[in-house]
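When you line the sequence shown up against my numbering, it's residues 118 to 477, in that order.
Beta carbons are placed, not taken as given, at the ideal position from N, Cα and C, and that holds for glycine.
It should be emphasised that the depicted structure is a prediction, and the values quoted were computed from it without experimental measurement.
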Amino acid sequence: MNEETIQKLREVMLNELGETDLRAICADLGLNFDELGGLGVFGKTRSILEAARARNLLPSLSARVRELRPEAFKVEESRLSAQSPQATAAPLASSDKPAAAPQRQPTEIGPVTDASTENALAGIPPRVRMIGVIVAALVVLLAVLTIAQPRPAGPDTETNAAPAANPPTEATPQIAAAETITASGQTEIAASGALTEPASSEAGAKPPAPEQPAVAIEPTPTLSESHPAAQTVIAMNQQLLDFYQGKVTSNDLRQYWRPPAYQIVVNFANRTLLQRLGVNLATGDPIEVDLQYVRAPALVALGNQTATTLSREYWRYTNPRTNRSLCETRDYSYVMVEEDGKYYVQEFSGELISSACRTP
Numbered sequence: 118m119n120e121e122t123i124q125k126l127r128e129v130m131l132n133e134l135g136e137t138d139l140r141a142i143c144a145d146l147g148l149n150f151d152e153l154g155g156l157g158v159f160g161k162t163r164s165i166l167e168a169a170r171a172r173n174l175l176p177s178l179s180a181r182v183r184e185l186r187p188e189a190f191k192v193e194e195s196r197l198s199a200q201s202p203q204a205t206a207a208p209l210a211s212s213d214k215p216a217a218a219p220q221r222q223p224t225e226i227g228p229v230t231d232a233s234t235e236n237a238l239a240g241i242p243p244r245v246r247m248i249g250v251i252v253a254a255l256v257v258l259l260a261v262l263t264i265a266q267p268r269p270a271g272p273d274t275e276t277n278a279a280p281a282a283n284p285p286t287e288a289t290p291q292i293a294a295a296e297t298i299t300a301s302g303q304t305e306i307a308a309s310g311a312l313t314e315p316a317s318s319e320a321g322a323k324p325p326a327p328e329q330p331a332v333a334i335e336p337t338p339t340l341s342e343s344h345p346a347a348q349t350v351i352a353m354n355q356q357l358l359d360f361y362q363g364k365v366t367s368n369d370l371r372q373y374w375r376p377p378a379y380q381i382v383v384n385f386a387n388r389t390l391l392q393r394l395g396v397n398l399a400t401g402d403p404i405e406v407d408l409q410y411v412r413a414p415a416l417v418a419l420g421n422q423t424a425t426t427l428s429r430e431y432w433r434y435t436n437p438r439t440n441r442s443l444c445e446t447r448d449y450s451y452v453m454v455e456e457d458g459k460y461y462v463q464e465f466s467g468e469l470i471s472s473a474c475r476t477p
């Protein structure tokens with residue numbers, strides 16, 4: 118996350134959030150609000166940002182703040198984007214035209230006539246000065262030859278190579294038919310990725326594009342959906358549903374999750390579901406959970422012992438005693454690491470697409 122995005126996040130937190138909001142955000146991220154340094158909104162905001170940076174939780178923090186104050190995020194982005202062009206144009210304000218590029222205005226090499234420059238060079242040995250003059254002359258000559266070199270005409274002047282027919286970064290997982298899995302259960306924790314963690318820190322944007330894969334990926338959706346990393350996402354979501362049914366414990370979830378992703382899952386189950394639905398899993402309250410894959414998990418990037426998998430998932434959590442439901446459709450991005458031929462979720466994020474509940 119770049120400094121401009123962090124500045125935007127800081128301004129929104131300072132101007133829009135109170136201590137109650139900051140305390141709730143800390144709970145979602147697994148941070149202890151009372152143990153953080155600083156007083157008031159200003160001091161706590163600074164401490165939260167420092168703690169989130171140290172624990173690689175800035176994307177999760179940004180996602181939670183964005184969900185709480187989406188309009189403030191848009192206003193702050195507009196302000197920062199309006200400042201950027203001004204900063205770029207500032208050097209041109211004092212002149213009618215931009216300074217000429219060195220390669221377009223070769224400087225004539227001649228004797229130094231400026232007195233201050235002559236005094237500054239007085240202590241440099243003549244041999245070194247001569248080498249500097251020769252190097253400068255070669256640079257000017259190279260610039261002139263570069264300008265004079267003809268370029269091919271037409272729309273393909275940027276490159277002579279034909280564009281790749283199927284670049285790896287455009288591989289899009291095929292939308293699968295809705296596949297419904299239902300579970301009712303209880304216990305100590307659970308989580309879907311139905312958290313407020315969009316991977317992208319840019320307002321309104323989808324999760325950031327994964328890094329260019331180090332290994333070429335076959336863009337065929339069938340192959341990407343059958344990759345072990347994609348199949349791991351399906352298996353871990355099934356384990357979450359089993360957890361709600363009481364078939365597995367919270368420790369069993371470590372089979373697929375690595376910190377801090379595991380901690381986010383725990384916080385969602387023990388805190389978010391309690392706050393929004395009144396379901397206390399620790400005391401055995403029942404809960405009904407439905408999962409549908411709007412877009413099946415598919416591999417989109419493969420690196421050295423890492424893999425990125427994307428999916429669109431619909432999760433519905435229902436308190437059967439009150440019939441209150443929490444529904445979320447999100448685009449999830451799972452960054453996974455490979456250890457001994459098995460994949461684990463190192464970090465994940467989910468961009469909220471819709472909070473509407475579907476008809477069962």
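- Classified as buried, Phe360 has 16 or more neighbouring CB atoms from the shown chains inside 10 Å of its CB.
- Its Cα nearest to that of Ser472, the residue Cys444 stands out among Ser343, Tyr449, Cys444.
- Per DSSP, reduced to three states, the secondary structure at Val406 is strand.
- Inside the region 394-475, DSSP marks whole beta strand (DSSP E) runs of 3 or more residues at positions 404-419, 423-436, 441-456, 459-471, from first to last along the chain.
- The beta carbon of Asn173 sits closer than 8 Å to those of Pro377, Glu464, all from its chain and outside the five residues before and after it, given in chain order.
- In this structure, Ala399 lies near Asn387, with their beta-carbon atoms less than 8 Å apart.
- A distance below 7 Å between beta-carbons, with the five flanking residues on each side excluded, links Arg127 to the following residues of its chain, in chain order: Thr162, Leu166.
- Contact check for Thr349 against Tyr449 fails: the beta carbons are separated by 8 Å or more.
- Counting other Cβ atoms within 10 Å of its Cβ, Pro414 reaches 16 or more and is therefore classed as buried.
- For a cut-off of 8 Å, the C-beta gap from Ala347 to Leu416 is around 5 Å, short enough to register as a contact.
- If you compare the alpha carbons of Gly420, Ser428, Glu405, Asn421 with that of Arg412, the shortest gap goes to Ser428.
- Close CB contacts of Gln380 within its chain, under the 8 Å cut and outside five residues either way in sequence, are with Gly147 (chain order).
- For Thr476, the closest of Val182, Asp407, Glu342 by C-alpha to C-alpha distance is Asp407.
- For Tyr379, the uninterrupted alpha helix (DSSP H) segment begins and ends at 378-384.
- Closest option to Gly467, judged by alpha-carbon separation, among Leu178, Leu394, Tyr434: Leu178.
- Separation of Glu194 and Lys125 (C-alpha to C-alpha, rounded to the nearest whole angstrom) is 7 Å.
- Taking C-alpha positions only, Arg433 is separated from Leu357 by approximately 13 Å.
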